[in-house]
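K.L.:
Residue numbers (the UniProt record's numbering): 1 to 432. We put the beta carbon where it would ideally sit given N, CA and C, even for glycine. A quick note: this is a predicted structure, and the numbers were derived from the prediction, not measured. This is the structure I want to talk about, given as structure tokens.
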């Protein structure tokens, strides 16, 4: 998408989910105060410099792109809310002068220390989950209302860290420092800090919290990811019985030859995501989370309607089908999943790894894991015939909506259907 936006009185703009080639035309909108650029395929820091000219910005969201460096926006002195989760950011020093910040979300990045935030005394919400942070000492004098630091390298039994955590709790803060791994290796030491690769979804808490897949997206777990988010981690198998409510791509009930398949183990407890209660995929999301397939997007949310990229879905699928394990981590994180998929002849496109995946492409990929080389409507019909999807509105080619982008909730449902209903529970190699 090339922007031709010149409404000089525009104050809020949301372009999330649309690949954007250039942000230069945005600079005419000097009154912009709220800008959302989530998952728009931002890679070049040269594009971010255009945002640096939007001096009236008070809220900026650039989640789930491929950003390494925040220097181009370091001069935005009015910024009070920044969401830069799901990127490649290792250094927060470029925003050290933004001490007016009230909400900062930098989950699912590559951050190792919080020294740059030591003077953020007005900070109300800090989300830095799914990084490599080990010490809370730099922010000991801050008293955020909400602190999310799950899945880092924090030694929660050390005196320094315990003192900080207890101080927050005594003052009534919401604090999440769960699932710490002080020995978690940092895999990016030798990686050049230049555009390249793509963020782990899973996100998805994909996201991946994928994740956040994983961060997920949310993260697929990498967490995509968070998908991987989202993300996002990965796993599979029958879980909760589900509400029985029908949703896109099949019911929440177990089916097929699930009884003959040993479920992937539950590796963590339930997560009360704030935005999935009553959702048609609620049981599927809990099932996937408990088995490490997905995380949330941070701040206690899953974002079931968020869009999934090809790399996020590929990771979730291969880990759930036990084609690969998450360790060791590759650089970029999705490289090993593409190497596996290409070796098996699957229809994936590494150069489009960070692009949203369509439901048609999902059908082709799932069919490939079953040893079927099918494309387009043939792949869709295969899923419908095998009970791996019941479409979005009906179990027909038209009702499947192959051109639609895959949501995080749909990704989880597809994965669960494969694990519980597909003939092959492990990836099959396509014949040459």
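Under the three-state reduction of DSSP, which class applies to residue 81: helix, strand or coil?
P.N.:
Translated into the one-based positions of the chain shown, residue 81 becomes position 81. Looking at residue 81 - three-state DSSP - the assignment turns out to be strand.
K.L.:
If residue 62 sits next to residue 37, beta carbons under 8 Å apart, how far is it from one beta carbon to the other, in whole angstroms?
P.N.:
Along the chain shown, one-based indexing puts residue 62 at 62. Along the chain shown, one-based indexing puts residue 37 at 37. About 5 Å separates the two Cβ atoms, so the contact holds.
K.L.:
Smallest Cα separation from residue 431: which of 410, 346, 163?
P.N.:
On the chain shown, residue 431 is found 431 positions in, with the first residue counted as 1. Of the candidates 410, 346, 163, the one whose C-alpha sits nearest the C-alpha of residue 431 is 346.
K.L.:
Taking all protein chains shown into account, do 16 or more other C-beta atoms lie within 10 angstroms of the C-beta of residue 186, making it buried, or fewer, making it exposed?
P.N.:
Within the chain shown, the letter at position 186 stands for residue 186. Under this definition residue 186 is an exposed residue.
K.L.:
Using the three-state DSSP reduction, which class does residue 257 fall into: helix, strand or coil?
P.N.:
Here residue 257 is taken as the residue at index 257 of the chain shown, counted from 1. Any reading at residue 257 must be qualified, since the residue scores a pLDDT of 35, below 50, and its modelled position is unreliable; no value is offered.
K.L.:
Measure the Cβ-Cβ separation of residue 135 and residue 107 and say whether it is below 8 Å.
P.N.:
The sequence position of residue 135 within the chain shown is 135, counting from 1. The sequence position of residue 107 within the chain shown is 107, counting from 1. Going by C-beta atoms, residue 135 is not nearer than 8 Å to residue 107.
K.L.:
Which residues mark the beginning and the end of the alpha helix (DSSP H) in which residue 180 is found?
P.N.:
Stepping through the chain shown from its first residue, residue 180 is reached at position 180. From DSSP, residue 180 is part of no alpha helix (DSSP H); its letter is neither H nor E.
K.L.:
Please report the distance separating the alpha-carbon of residue 386 from that of residue 340.
P.N.:
Here residue 386 refers to the residue found at position 386 of the chain shown. Here residue 340 refers to the residue found at position 340 of the chain shown. The alpha-carbon atoms of residue 386 and residue 340 are separated by roughly 25 Å.
K.L.:
Beta strand (DSSP E) containing residue 127: first to last residue?
P.N.:
Your numbering for residue 127 matches position 127 in the chain shown. It spans 125–127 - the beta strand (DSSP E) in which residue 127 sits, taken as one unbroken run.
K.L.:
Under DSSP, the beta strand (DSSP E) around residue 290 begins and ends at which residues?
P.N.:
Numbered from its first residue, the chain shown carries residue 290 at position 290. From DSSP, residue 290 is part of no beta strand (DSSP E) but of the alpha helix (DSSP H) over 282–290.
K.L.:
In whole angstroms, what separates the C-alpha of residue 156 from that of residue 124?
P.N.:
For the purposes of this step, residue 156 is taken as the residue at position 156 of the chain shown. For the purposes of this step, residue 124 is taken as the residue at position 124 of the chain shown. So the two alpha carbons sit approximately 22 Å from each other.
K.L.:
With distances taken Cα to Cα, identify the nearest neighbour of residue 311 among 33, 121, 354, 370.
P.N.:
As a working note, residue 311 is residue 311 in the chain shown. Here the closest residue by C-alpha is 354.
K.L.:
Can you check whether the CB of residue 85 is closer than 8 Å to the CB of residue 122?
P.N.:
Residue mapping note: residue 122 aligns to position 122 of the chain shown, counting from 1. Residue mapping note: residue 85 aligns to position 85 of the chain shown, counting from 1. Not closer than 8 Å, so no.
K.L.:
Are there 16 or more other CB atoms within 10 angstroms of the CB of residue 325, so buried, or fewer, so exposed?
P.N.:
Within the chain shown, the letter at position 325 stands for residue 325. Exposed is the call here.
K.L.:
By the three-class DSSP mapping on this structure, what secondary structure does residue 361 have?
P.N.:
Reading the chain shown from its first residue, position 361 is the one you call residue 361. Helix, per DSSP.
K.L.:
So is residue 19 buried or exposed if we call it buried at 16+ other beta carbons inside 10 Å?
P.N.:
In the chain shown, the residue the question calls residue 19 occupies position 19. Under this definition residue 19 is an exposed residue.
K.L.:
Tell me which residues share the same chain as residue 175 and place their Cβ nearer than 7 Å to its Cβ, disregarding the 5 neighbours each side in the sequence.
P.N.:
The sequence position of residue 175 within the chain shown is 175, counting from 1. 147, 165, 168, 169, listed in sequence order.
K.L.:
Judging by CA-CA distance, which residue of 335, 396, 421 is the nearest neighbour of residue 366?
P.N.:
Against the chain shown, residue 366 aligns to sequence position 366. Taking only the C-alpha atoms, the option nearest residue 366 is 421.
K.L.:
Taking its Cβ as the centre, do 16 or more other Cβ atoms sit within 10 Å of residue 306, making it buried, or is it exposed?
P.N.:
In the chain shown, counting from the first residue as 1, residue 306 sits at position 306. It is buried - the Cβ of residue 306 has at least 16 other Cβ atoms within 10 Å.
K.L.:
For the alpha helix (DSSP H) holding residue 337, just list the boundary residues, first then last.
P.N.:
Residue numbering aside, residue 337 sits at position 337 when the chain shown is read from its first letter. Where residue 337 is concerned, the enclosing alpha helix (DSSP H) stretches over 335–343.
K.L.:
Mapping the DSSP letters down to three states, classify residue 450 as helix, strand or coil.
P.N.:
There is simply no residue 450 to check, as the chain begins at 1 and stops at 432 in what is shown.
K.L.:
Could you give the DSSP three-state label for residue 187: helix, strand or coil?
P.N.:
Walking along the chain shown from the start, residue 187 turns up at place 187. Looking at residue 187 - three-state DSSP - the assignment turns out to be coil, as it is neither helix nor strand.
K.L.:
Would you decide whether residue 68 is buried or exposed? Buried here means 16 or more other CB atoms lie within 10 Å of its CB.
P.N.:
What you label residue 68 is simply residue 68 of the chain shown in a count that begins at 1. So residue 68 counts as buried.
K.L.:
How long is the line joining the alpha carbons of residue 272 and residue 66, rounded to whole angstroms?
P.N.:
Position 272 of the chain shown, counted from the first residue, corresponds to residue 272. Position 66 of the chain shown, counted from the first residue, corresponds to residue 66. The alpha-carbon atoms of residue 272 and residue 66 are separated by roughly 29 Å.
K.L.:
Going by DSSP, what residue range makes up the beta strand (DSSP E) through residue 14?
P.N.:
Here residue 14 refers to the residue found at position 14 when the chain shown is read from its first residue. Taken as a continuous stretch (DSSP letters only), the beta strand (DSSP E) holding residue 14 covers 12–14.
K.L.:
Within the same chain, show all residues whose beta-carbon is closer than 6 Å to that of residue 53, passing over the 5 residues directly before and after it, in chain order.
P.N.:
Here residue 53 refers to the residue found at position 53 of the chain shown. So the list reads 27, once near-sequence residues are dropped.
K.L.:
Taking the alpha-carbon of residue 380 as reference, which of 410, 34, 64, 359 has the nearest alpha-carbon?
P.N.:
One-based indexing of the chain shown puts residue 380 at position 380. Answer by Cα proximity: 359.
K.L.:
Would a C-beta distance cut-off of 8 Å place residue 316 and residue 293 closer than the cut-off?
P.N.:
For the purposes of this step, residue 316 is identified with residue 316 of the chain shown, where counting begins at 1. For the purposes of this step, residue 293 is identified with residue 293 of the chain shown, where counting begins at 1. Yes, the Cβ-Cβ distance between residue 316 and residue 293 is below 8 Å.
K.L.:
Between the alpha carbons of residue 118 and residue 64, how many angstroms are there, rounded?
P.N.:
Taking the first residue of the chain shown as 1, we reach residue 118 at position 118. Taking the first residue of the chain shown as 1, we reach residue 64 at position 64. When rounded, the distance between both Cα atoms is 25 Å.
K.L.:
Please classify residue 47 as buried or exposed, where buried requires at least 16 other C-beta atoms within 10 Å of its C-beta.
P.N.:
Against the chain shown, residue 47 aligns to sequence position 47. Buried: at least 16 other Cβ atoms inside 10 Å.
K.L.:
I'd like to check one pair, residue 303 with residue 373: are the Cβ atoms closer than 8 Å?
P.N.:
The residue you call residue 373 lines up with position 373 of the chain shown. The residue you call residue 303 lines up with position 303 of the chain shown. Going by C-beta atoms, residue 373 is not nearer than 8 Å to residue 303.
K.L.:
Can you look up residue 356 in the DSSP assignment and give me helix, strand or coil?
P.N.:
Position 356 of the chain shown holds residue 356. Here residue 356 sits in strand by DSSP.
K.L.:
Could you check the C-alpha separation between residue 132 and residue 110 for me, to the nearest Å?
P.N.:
Along the chain shown, one-based indexing puts residue 132 at 132. Along the chain shown, one-based indexing puts residue 110 at 110. Distance between the alpha carbons of residue 132 and residue 110: 6 Å.
K.L.:
Cutting at 7 Å between CB atoms, please list the residues of its own chain near residue 143, excluding the five before and the five after it.
P.N.:
Indexing the chain shown from 1 puts residue 143 at position 143. These residues qualify, in order along the chain: 168, 171, 173.
K.L.:
Along the chain, which unbroken stretches of the alpha helix (DSSP H) at least 4 residues long are found entirely within the segment 29–102?
P.N.:
Correct list: 45–51.
K.L.:
Hey, out of 413, 104, 405, whose CA is closest to residue 95's CA?
P.N.:
For this step, residue 95 is matched to residue 95 along the chain shown. The candidate whose alpha carbon is nearest that of residue 95 is 104.
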